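K.L.:
Be aware that the sequence shown starts at 550, since it is given in the numbering used here, and climbs by one per residue.
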Amino acid sequence: MGHFFHKLLNTVAYFAFFSSNAYAVIAFPDEVKRTYLTAAPFASGIWGLIHLLFFGFVIYQWIPGSEEKDEIIHNAFGWNFIFTGLLTSAWLQFLVSDYLIVAWIISLLLASSVSVIYYRLSFEKAVATSFVEFLFTRAPISLFTGWSTYIVWLSFSIAFTSEVSEAGPTLWDRAVVFAFFLLSIPSAVFFTRSRWQHNGYGDPIANLALGWAILAVAVYQGDFWIKAIGYFSAFSVLLASIEPMIWGSSSTTRFVDVESAAESERTPLVRGSN
Numbered sequence: 550m551g552h553f554f555h556k557l558l559n560t561v562a563y564f565a566f567f568s569s570n571a572y573a574v575i576a577f578p579d580e581v582k583r584t585y586l587t588a589a590p591f592a593s594g595i596w597g598l599i600h601l602l603f604f605g606f607v608i609y610q611w612i613p614g615s616e617e618k619d620e621i622i623h624n625a626f627g628w629n630f631i632f633t634g635l636l637t638s639a640w641l642q643f644l645v646s647d648y649l650i651v652a653w654i655i656s657l658l659l660a661s662s663v664s665v666i667y668y669r670l671s672f673e674k675a676v677a678t679s680f681v682e683f684l685f686t687r688a689p690i691s692l693f694t695g696w697s698t699y700i701v702w703l704s705f706s707i708a709f710t711s712e713v714s715e716a717g718p719t720l721w722d723r724a725v726v727f728a729f730f731l732l733s734i735p736s737a738v739f740f741t742r743s744r745w746q747h748n749g750y751g752d753p754i755a756n757l758a759l760g761w762a763i764l765a766v767a768v769y770q771g772d773f774w775i776k777a778i779g780y781f782s783a784f785s786v787l788l789a790s791i792e793p794m795i796w797g798s799s800s801t802t803r804f805v806d807v808e809s810a811a812e813s814e815r816t817p818l819v820r821g822s823n
């Protein structure tokens, strides 16, 4: 009964918080201040993909399955799916209502809520058992994890930096933009080297979302240095996504292999009899 109630609340939360705000989020409201971290309109298309995959998650949870599947829904996602939907809705409402500092604080809570699910999936259940499980549980959370990183920085930019003008960005505006660009590179390395390995390739999906956001900012902005460093950062983040595929395995995989080798060395060649 408890699991049924939880699934029902997940379904209600999706239609109440995610679906009801899908159009407003995808077609980012015109009344929101444009800053030097505002991305090109095409970037918001990732919201549509996240919402679509979460809809798949809502359907997937009702399909009878194994105890392992129930563990993902009720332990890995837990109540954080509902919190994430609520926080997404609240973030947008405060943003369009010009409560910008509150919106930034909520964006931090939103990113934290998504990160909790990401951590549980990454470190408590290492490998997806099927493509469907991967598509409707891990993929949307990875996308949202990378995208929520951009949301936090965008919200900070809207609250604390100046609007785009003919005078160009101030030193402070550039500092915030460059901080987002350059700090995204070690974040991308973390996502790639994380312990969550799908076929031994870490987590490139979060990097793709983050790189997509940076690329869209670089495309949209007119300042030369923002464009230049933005393209460099986007290339670096996307390269971090595909690097394991180029070399065949990630450092994480090699690290696990080293541990396994060390364990083998400690195993005695001849076991004593009882």
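For glycine and all other residues, C-beta sits at the position ideal for the given N, C-alpha and C. Note that the structure is predicted; figures quoted are calculated from it, not measured.
Does DSSP put Glu580 in a helix, in a strand, or in coil?
P.N.:
Note: Glu580 maps to coil in three-state DSSP.
K.L.:
What is the C-beta distance between Ala592 and Leu649, in whole angstroms, given that I count them as a contact (C-beta under 8 Å)?
P.N.:
20 Å between Cβ atoms; not a contact.
K.L.:
How is Ile791 classed by DSSP in three states: helix, strand or coil?
P.N.:
Helix at Ile791.
K.L.:
Beta carbon of Leu586, beta carbon of Phe781: below 8 Å?
P.N.:
No, Cβ-Cβ distance for Leu586 and Phe781 is not below 8 Å.
K.L.:
Among Ala762, Gly717, Val681, which residue has its Cα nearest to the Cα of Val734?
P.N.:
The residue asked about is misnamed: residue 734 is Ile in this sequence, not Val. A check of alpha carbon separations from Ile734 across Ala762, Gly717, Val681 identifies Ala762 as the nearest.
K.L.:
Examine the Cβ distances between the region 688 to 701 and the region 650 to 665 and report whether three or more of them are shorter than 8 Å.
P.N.:
yes
K.L.:
Pick helix, strand or coil for Ile612, following the three-state DSSP scheme.
P.N.:
In this structure, Ile612 counts as coil in the three-state DSSP scheme.
K.L.:
Should the region 614 to 629 be called in touch with the region 551 to 570, which here means at least 3 C-beta pairs below 8 Å?
P.N.:
With contact defined as three or more Cβ pairs closer than 8 Å, the region 614 to 629 and the region 551 to 570 are in contact.
K.L.:
Excluding five sequence neighbours on each side, which residues of the same chain lie with their C-beta closer than 6 Å to the C-beta of Gly634?
P.N.:
When the five nearest sequence neighbours on each side are left out, the beta carbons in the same chain lying within less than 6 Å of the beta carbon of Gly634 are those of Ala562, Phe566, Phe567, in order along the chain.
K.L.:
Between the alpha carbons of Trp774 and Arg583, how many angstroms are there, rounded?
P.N.:
18 Å
K.L.:
Counting only C-beta atoms, is Thr741 closer than 8 Å to chain D at any point?
P.N.:
No chain D is part of this structure, which consists of one protein chain only.
K.L.:
CA-CA distance, Ser799 and Gly717?
P.N.:
Confidence at Ser799 is low in this model, with a pLDDT of 42, below 50, so its placement is unreliable and the value that follows should be read with caution. Ser799 and Gly717: Cα-Cα distance of roughly 41 Å.
K.L.:
Which residue's Cα is closest to the Cα of Leu787: Asp647, Val681, Phe739?
P.N.:
For Leu787, the nearest C-alpha among the options comes from Phe739.
K.L.:
Under the three-state reduction of DSSP, which class applies to Leu586: helix, strand or coil?
P.N.:
The answer is coil: DSSP assigns Leu586 none of H, G, I, E or B.
K.L.:
Within 10 angstroms of the Cβ of Ile608, are there 16 or more other Cβ atoms? Answer buried if so, exposed if not.
P.N.:
Counting Cβ neighbours within 10 Å, Ile608 comes out exposed, since fewer than 16 surround it.
K.L.:
Taking the beta carbon of His600 as the centre, do at least 16 other beta carbons fall within 10 Å, making it buried, or is it exposed?
P.N.:
buried
K.L.:
May I have the straight-line CA-CA distance separating Phe643 from Tyr668, to the nearest angstrom?
P.N.:
27 Å
K.L.:
Taking the CB atoms as reference points, tell me whether Ala660 and Ser706 lie closer together than 8 Å.
P.N.:
no
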